[in-house]
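The structure appears below as structure tokens.
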Amino acid sequence: MGNIDQDMEISSAFDGDIDGRTITVLQSGSIEGRVGAETLVIHGAVKGLIRAHKIEVLSTAHVEGELRYDELTVDLGAYIEARCFPAAA
Numbered sequence: 002m003g004n005i006d007q008d009m010e011i012s013s014a015f016d017g018d019i020d021g022r023t024i025t026v027l028q029s030g031s032i033e034g035r036v037g038a039e040t041l042v043i044h045g046a047v048k049g050l051i052r053a054h055k056i057e058v059l060s061t062a063h064v065e066g067e068l069r070y071d072e073l074t075v076d077l078g079a080y081i082e083a084r085c086f087p088a089a090a
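The numbering of the sequence shown is the working numbering, which starts it at 2 and goes up by one.
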């Protein structure tokens with residue numbers, strides 16, 4: 002797992018659990034595992050359990066799994082197959 006105080010950019014395949022302050026998954030990047038972040042910006046692929054205060058799913062993203070969030074934005078064209086749970090629920 003990463004350090005929660007770090008900002009990270011994922012530009013290749015990452016298999017495992019990761020935590021960070023701001024995590025950006027670039028279009029060439031992917032994560033399979035548990036993700037924890039203050040802010041998660043997804044251009045690429047993420048599969049697993051995602052917990053973040055703010056999740057941004059951009060038009061090139063492919064997301065599968067479970068999302069737990071305070072704030073969620075999804076761009077037109079993004080692929081999402083996930084159970085979504087707002088923190089208030």
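Backbone N, C-alpha and C define an ideal beta-carbon position, used for all residues, glycine too.
According to DSSP, residue i sits in a beta bridge with which residue or residues?
| i | result |
| --- | --- |
| residue 66 | 49, 83 |
| residue 73 | 56 |
Under 7 Å between the Cβ atoms of residue i and residue j?
| i | j | result |
| --- | --- | --- |
| residue 52 | residue 39 | no |
| residue 45 | residue 26 | yes |
| residue 84 | residue 57 | no |
| residue 24 | residue 47 | no |
| residue 20 | residue 37 | yes |
| residue 35 | residue 49 | yes |
Can you say whether residue i is buried or exposed, counting buried as having 16 or more other CB atoms within 10 angstroms of its CB?
| i | result |
| --- | --- |
| residue 2 | Low local confidence applies: a pLDDT of 45 at residue 2 is under 50, so the model's placement there is unreliable, and no value is given. |
| residue 78 | exposed |
| residue 62 | buried |
Every unbroken beta strand (DSSP E) inside the region 5-57 [3 residues or more]: 8-11, 14-16, 19-26, 31-33, 36-43
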